[in-house]
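Residue numbers (the numbering used here), protein chains in the order written: chain E, 1 to 407; chain B, 1 to 407.
Number of protein chains: 2
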Amino acid sequence: MSSYHPFSLEDAIAYAKSIPDFFAADAVLTCEEIGDGNLNLVFRVADPQQNKSLIIKQALPYAKVVGESWPLSLDRARIEREALEIQHRLCPELVPAIYGGDNELAITVMEDLSGYTIMRQGLIDGHTYDHFAEHIGRFIATTLFYTSDLGMNQQDKKLQSARFINPDLCKITEDLIFEDPYRDADNNNFTEDIRPEAEKLWQDNELHLEVALLREKFLTRGEALLHGDLHTGSIFVTSDSTKVIDPEFAYYGPIGFDIGAVIANLLLNFAAQPGWSDNDAILQERRTWLLATIGGVWNHFEHNFRKLWDAHGVDIMSKTPGYQDLYMEKVLQDTIGFAGCKVIRRIVGLSHVADIDTIKNELHRHQAKVTALDIGKQLVKQGRSASSIAEVIEWAAAAAAKEGANV
Amino acid sequence: MSSYHPFSLEDAIAYAKSIPDFFAADAVLTCEEIGDGNLNLVFRVADPQQNKSLIIKQALPYAKVVGESWPLSLDRARIEREALEIQHRLCPELVPAIYGGDNELAITVMEDLSGYTIMRQGLIDGHTYDHFAEHIGRFIATTLFYTSDLGMNQQDKKLQSARFINPDLCKITEDLIFEDPYRDADNNNFTEDIRPEAEKLWQDNELHLEVALLREKFLTRGEALLHGDLHTGSIFVTSDSTKVIDPEFAYYGPIGFDIGAVIANLLLNFAAQPGWSDNDAILQERRTWLLATIGGVWNHFEHNFRKLWDAHGVDIMSKTPGYQDLYMEKVLQDTIGFAGCKVIRRIVGLSHVADIDTIKNELHRHQAKVTALDIGKQLVKQGRSASSIAEVIEWAAAAAAKEGANV
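Shown next as structure tokens:
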């Protein structure tokens, strides 16, 4: 890593010029740094004359989250770029194009998505995305199927999994999602009104047992090359296009983890709804859309995954009648359990979501957290015996129906 | 690999002399090649004057099994040596000492166990080993616990798992154990009297479904650093000592696979018994000892694993009440299923066991195969719902009770 140094704007422009066949040799380039500075620098380099631009993302050797700072491997930039390359090859229209990169400098050069909105912000702003469920269900199904033992050579998969050993980033997940919320951990981060709820989480042995089982799955099950952090902040959208970014948490893990991440973040927005509109009709309409989208994400995933399996499965034994159904049931149960863990950690753990934390009305914000925890606990506790995504929708609707008159 | 060449006797002597502080500088060394030549060369280098000796094991770049030959990575020698080093550190009295080695030459230099017997041959010769269950139960529990997420740093475990990515050797297991016996595969190898039984295996969808689930576990569950080939031919014994050798199939896999391998090979010897004695009392006594040993292997494993977990567990969530019981139940079920697969493949698959194939009486040999298949199918089909090792013992006894008057 001798040549590593955080890029200046000038460095970014110089590097952008070195990308073959992109900018004209005599182009006058502009550059701005548009990242949040917590884990990465993000430079947008543009030729305004030709209306061409690209993104240079550079990993920083540390993470900053809510004031905390800890060292983080720069190798995650390589992992992210290699994951993006695989995902782009498999789903070219759902992943930005990669133009280049450098492991020592920990940078990736990629397509600029300036016309897109971060989905979390789009949801907060009241937009709906009617192609999202189909897009993300297809993205998850395709990228996970073709990197699993079901869809790729099983010896090549082993070698590929070695390239995606990702201890630093996995540890963040292991700590923040599968441990800290269930004990009085220093890293937890919640408002005092939520302390009684947090303390209930710490005492709930039935919940801990399910979390321990889910944690074990995250630690041991190398089913497919996960995105690893597929929340609505890792997804760019327009009304008719979806692009998945930021797979720096990529590693070989359980398939349900990626689907669970998407569903959890839709549920967090669901829980946040009363904070965003006093109009009951709008509220109900948005909640109905969110629940339909949750169902759609699972159904599009399942439909695509089964179709790929039937048409392109490489494993003779996986064609055994009945096996695919058992497999999909297990993925559904994992999905629900992981979704529950990801909801809970966004309320009491270190890292929150803007959907809830930016609600202005204090009572509404409190209620959103209570609703989210109610849904999250239900998902974790019931996931292992669930048999349909409809159950998730019922539990979420039931939690919403419990919301007090104060909302 | 430029310096790789298969060792001559002279090469082995020269290399042995280079091992520091072993042979005297002026020692006159003898050397013999004692391997079976199928996968490895095995040299015994000795100083008869001083009564000192060591073993040099060198991997060959191919495997020969029953006339078949295919290329095989020499990297397995490194994997084997590194696994032996870890296992010896954890269980020094149950694993030969390692004196040195060379990755390019694909050799490992280790303790000579000339005073020991290969356990499979010892069992065929009618010996019993009353410390075996305790020894092997402790070996499996200790080596697997301390290489799992329960007993070692979870980030170090990820890095360690990358060093034990072992595609070539895993493929042998995937093909010969989890696929070929369940279809009319070229690699299958059975006598014509067993063809009706083999054809039943190919048609048995209930069986295939369980095998598909077990195959998935072998492909995806990186629970601990397995030995990977823990049959009675990989175990040296005396009346009071046990040494585990040959972990060239080592990789991160499901814990039940190693335990299942031991139990399967005891069951194969159990099925073979009527071929070795006409004396009914001796037959019953040996079968009783074998079934007790099977129970003992599991019970010693479970006792040691739980004790290590309680005393040295590194994972806070794994201390959740009830989790350890669920974990052990899953390991038991996996163990039984894997044991069944390993019994079945030794009857119809490429590679057999001498316990059965060297039975002279043709009827007895046939009956032993039928009994083994009966037990194996039962284990595979019932493993997923089993709750006690006693069930395995009952199924084996029931299969033996069905043996015809011709035995």
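Note that CB positions come from ideal geometry on N, CA and C, so glycine has one too.
- Against chain B, a Cβ distance below 8 Å from Val343 (chain E) picks out nothing, because the smallest value is about 18 Å.
- Secondary structure of Ile359 (chain B) (DSSP, three-state): coil.
- With its beta carbon at least 8 Å from every one in chain E, Gly137 (chain B) lies outside the interface.
- The beta carbons of Ile140 (chain B) and Phe301 (chain B) sit closer together than 8 Å.
- In this structure, the beta-carbon distance from Gly222 (chain E) to Gly151 (chain B) does not fall below 8 Å.
- Of the residues B:Pro92, B:Ala83, B:Val343, the one whose Cα lies closest to the Cα of Pro247 (chain B) is B:Ala83.
- In the three-state reduction of the DSSP assignment, Ala63 (chain B) falls in the strand class.
- Per DSSP, Asp280 (chain E) is not a residue of any beta strand (DSSP E); the alpha helix (DSSP H) it occupies stretches across 280-312.
- When the alpha-carbon of Phe236 (chain B) is set against those of B:Leu74, B:Ser3, B:Ile118, the nearest one is in B:Ile118.
- The Cβ-Cβ distance between Gly260 (chain B) and Phe338 (chain B) falls below 8 Å.
- By the criterion of a C-beta distance shorter than 7 Å, Gln273 (chain B) is surrounded in its chain by Leu283, Arg286, Arg287, once the five residues flanking it on both sides are discounted.
- Per DSSP, the unbroken beta strand (DSSP E) holding Thr30 (chain B) starts and ends at 30-33.
- Here Ala250 (chain B) really is in contact with Gly228 (chain B); their C-beta atoms are around 5 Å apart, less than 8 Å.
- Per DSSP, reduced to three states, the secondary structure at Val95 (chain B) is coil, with no helix or strand assignment.
- For Gly100 (chain E), the three-state secondary structure derived from DSSP is strand.
- The alpha carbon of Asp125 (chain B) has as its nearest neighbour, out of B:Ala390, B:Arg384, B:Ile356, the alpha carbon of B:Ile356.
- Annotation: Ala12 (chain E) to Phe43 (chain E) spans about 7 Å, alpha carbon to alpha carbon.
- In this structure, DSSP gives Tyr129 (chain B) a state outside helix and strand, which the three-state scheme calls coil.
- Any Cβ of chain B closer than 8 Å to the Cβ of Leu326 (chain E) would place that residue at the interface, and such an atom is present.
- Cβ neighbours of Leu230 (chain B) within its own chain (closer than 6 Å, five residues either side excluded): Asp258, Ala261, Val262.
- Gln367 (chain B) counts as buried, since at least 16 other C-beta atoms from the protein chains shown sit within 10 angstroms of its C-beta.
- Near chain B, meaning a CB-to-CB distance below 8 Å, the residues of the stretch 199-213 of chain E are Asn205, His208, Leu209, Val211, Ala212, Leu213.
- In chain order, Ala133 place their CB closer than 6 Å to the CB of Gly296 (chain E), counting only its own chain and leaving out the 5 sequence neighbours on each side.
- By DSSP's assignment, Gln382 (chain E) forms no beta bridge with any residue.
- The C-alpha of Asn166 (chain B) lies about 23 Å from the C-alpha of Asn188 (chain B).
- Remark: C-beta atoms of Tyr99 (chain E) and Ile19 (chain E) approach each other more closely than 8 Å.
- In the three-state scheme derived from DSSP, where H, G and I count as helix and E and B as strand, Trp70 (chain B) is classed as strand.
- In this structure, Tyr129 (chain B) and Gly122 (chain B) form a Cβ contact; the two beta carbons are roughly 7 Å apart against a cut-off of 8 Å.
- The stretch 179-214 of chain E is shown to contain whole alpha helix (DSSP H) runs of 4 or more residues at 195-203, in chain order.
- Taking the Cβ atoms as the reference, Ala354 (chain E) lies roughly 6 Å from Arg120 (chain E), within the contact range of under 8 Å.
- Secondary structure note for Gly253 (chain B): its beta strand (DSSP E) is the uninterrupted segment 251-253.
- Residues of chain E whose Cβ lies closer than 8 Å to the Cβ of Lys171 (chain B) are, in chain order, Gln154, Gln155.
- For Ile294 (chain E), the closest C-alpha among the options E:Thr220, E:Asn279, E:Ala397, E:Asp112 is that of E:Ala397.
- Approximately 6 Å separates the beta-carbon atoms of Gln324 (chain B) and Arg306 (chain B); this is inside 8 Å, confirming the contact.
- Rounded to whole angstroms, the gap between the alpha carbons of Thr242 (chain E) and Glu93 (chain E) is 8 Å.
- Using a CB distance cut-off of 8 Å, Glu80 (chain E) does not count as an interface residue toward chain B.
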